[in-house]
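Just so you know, the numbering used here puts the end of the sequence shown at 821, numbered straight through with nothing missing.
Here a beta-carbon is modelled for each residue, glycine too, at the ideal position from N, C-alpha and C.
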Amino acid sequence: MLLSPAAARKTLATIRIVNGAAGLLAPQLLLGRLGTDTRLDRSGFYPFRMFGIRTVLIGADLLVLQGEQRRRAVQLAVLIHTTDTLSAATAGVRGDLPRRAAVVTTLVSATNTALALVAASGE
699 MLLSPAAARK TLATIRIVNG AAGLLAPQLL LGRLGTDTRL DRSGFYPFRM FGIRTVLIGA
759 DLLVLQGEQR RRAVQLAVLI HTTDTLSAAT AGVRGDLPRR AAVVTTLVSA TNTALALVAA
819 SGE
C-alpha cells in the first residue's frame with residue numbers, strides 16, 4: 699500500500715480544504731476549468747460557494763474528529779466521493795460537461811474515492 703490509512707485521510711482532508719477554499723473564494727477558477735466563461739455566465743458562483751464551505755468543513759472533520767465520529771466521517775467520505783465520481787462520469791456521457799472537463803473531474807473524484815477507501819481501511 700502506497701499510503702497508510704492515516705496518510706490517505708490527511709491527504710483527502712487537504713484536497714477537500716484546498717478545493718473547498720477555491721470554491722468559496724475563487725469560484726471563477728473552478729468554473730473556468732469546467733468550460734464556463736464567467737465573464738458571460740456567473741450563475742455557477744453561488745453553488746460553488748455553497749459547495750466550498752461544506753467541503754472545507756468536511757475536510758476539517760477528517761483532521762479534527764476522533765474515535766467514532768471520525769470513523770463515521772471517513773465512511774461517509776467513501777459514499778461522497780463515489781457519488782462525485784459517478785456524477786462526473788455521467789456528466790461526461792450525457793454531454794453536460796465538455797469532454798476534457800468530464801475526464802479530469804472523473805479522475806480527480808476517482809482519486810478522492812481511492813483515498814477515502816484507503817482511509818476507511820484503517821478505521
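Boundaries cannot be given for glutamate 821, as no alpha helix (DSSP H) includes it and DSSP labels it neither H nor E. When C-alpha distances from leucine 722 are compared across Asn810, Ala800 and Val754, the shortest belongs to Val754. Taking each of Asn810, Ser807 and Ile713 in turn and checking the Cα distance to alanine 758, the smallest one comes out for Ile713.
Counting the other Cβ atoms within 10 Å of the Cβ of threonine 734 gives 16 or more, which makes it buried. Taking all protein chains shown into account, leucine 710 has 16 or more neighbouring C-beta atoms within 10 Å of its C-beta and is therefore buried. Selection Leu738, Gly730 and Leu760 evaluated against phenylalanine 746 yields Gly730 as nearest (Cα-Cα). Considered as a whole, the segment 739-776 harbours 743-762 as its complete alpha helix (DSSP H) runs of no fewer than 4 residues, in chain order. Excluding the 5 residues flanking it on each side, alanine 799 has same chain C-beta neighbours closer than 6 Å at Leu732 and Gly733, in chain order.
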